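Colleague: Per this note's numbering, residue 734 is the first one in the sequence shown, and the count goes up by one each step. First, the structure itself, so that you have it in front of you.
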Amino acid sequence: MATVHFYLVRHGQTKLNRAARLQGITDSPLTAKGIRMAKRLGYELRKLEFRVVYTSDLKRTQATAKYILEENQRKIPPIYRDPDLREMSFGQFEEAKNMKLIPQALRTLGLKKIIRAFLNEEHVSELIRLFRTMDGTEEIENAAQLNTRFRRALRMIGDEYQDRECNILIVTHGLILSNFIESLYGEVPLFLVDNSRASLVDYQNGEFKIRYVNQLRQEDPDEGRRS
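Quick look at the structure:
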């Protein structure tokens with residue numbers, strides 16, 4: 734089977750991002766900066782021909798894909814939505830101010846456990862565990878469930894288009910994407926992958942391989958390759 738090159742992108746900055754509030758399944762429109770960020774990434778990837786584009790079912794990913802493709806110099810590909818690409822629900826903490834969660838986190842885990850979690854190589858899964866512990870319900874997915882859902886989506890897409898080598902753009906969300914990259918032993922920034930940054934992951938015969946993580950510019954040596 735041929736190699737599928739997944740360009741995995743976190744959506745552009747939203748109003749809730751700017752307000753430093755959690756957004757999982759809650760949707761929020763892109764800010765003017767978020768639009769500029771998406772267009773900038775689109776310009777950097779403008780020479781790539783994408784065979785198809787997938788977004789989550791949340792509007793912020795769909796808008797980001799639209800602005801990325803506006804800069805593309807190749808044939809505009811079909812765009813599809815997949816709910817499996819949506820962000821993790823934060824349960825009762827949806828739209829909560831990030832800073833207001835600190836006292837509750839300290840009461841729940843204590844300072845030492847929080848510091849240990851963020852210094853852990855698997856700090857994304859530790860962050861997810863922290864939210865689940867504070868929430869105290871089963872509404873928030875665990876890291877394994879989140880990873881299973883994301884991999885299911887990528888495998889379904891990859892298997893469908895593996896008849897020839899191609900590039901596929903996936904526009905998704907920060908926590909679910911960071912969790913997936915961490916599961917491949919990739920290095921994830923402390924505060925997750927950035928808005929409107931691309932991570933390149935190759936898919937072949939059911940296996941994933943990281944090429945690069947959280948980049949603005951196209952760093953692949955095969956830049957400009959066509960599908």
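Each residue gets a CB set at the ideal place from its N, CA and C atoms; glycine is no exception. It should be emphasised that the depicted structure is a prediction, and the values quoted were computed from it without experimental measurement.
Based on DSSP bridge pairs, tell me the residues matched to Ala931.
Modeller: Val742 and Gln948
Colleague: Run through DSSP, which three-state label would Asn831 get?
Modeller: coil
Colleague: By the DSSP assignment, the beta strand (DSSP E) with Leu879 in it spans what residues?
Modeller: From DSSP, Leu879 is part of no beta strand (DSSP E) but of the alpha helix (DSSP H) over Ala876 to Glu893.
Colleague: Does DSSP classify Thr905 as helix, strand or coil?
Modeller: Strand.
Colleague: Should Ala752 be labelled buried (16 or more other beta-carbon atoms within 10 Å of its own) or exposed?
Modeller: Under the 10 Å beta carbon count, Ala752 is surrounded by fewer than 16 other beta carbons and is classified as exposed.
Colleague: Candidates Val946, Asp790 and Lys942: which alpha carbon is nearest Asp927's?
Modeller: Val946
Colleague: Less than 6 Å between C-beta atoms, sequence neighbours within five positions excluded: which residues of the same chain meet that for Val857?
Modeller: Excluding residues up to 5 positions away in sequence, Ser911, Asn912, Glu915 and Val921 lie with their Cβ nearer than 6 Å to the Cβ of Val857 in the same chain.
Colleague: Can you pull the DSSP bridge partners for Lys942?
Modeller: Asp935
Colleague: Ordered along the chain, which non-local residues of its own chain (more than five positions away) have a Cβ less than 7 Å from that of Phe864?
Modeller: Phe823, Phe826 and Ile873
Colleague: With 16 other CB atoms within 10 Å as the buried threshold, where does Gly869 fall?
Modeller: Exposed is the call here.
Colleague: Give the DSSP-derived three-state secondary structure of Thr870 in the structure shown.
Modeller: Coil at Thr870, not helix or strand.
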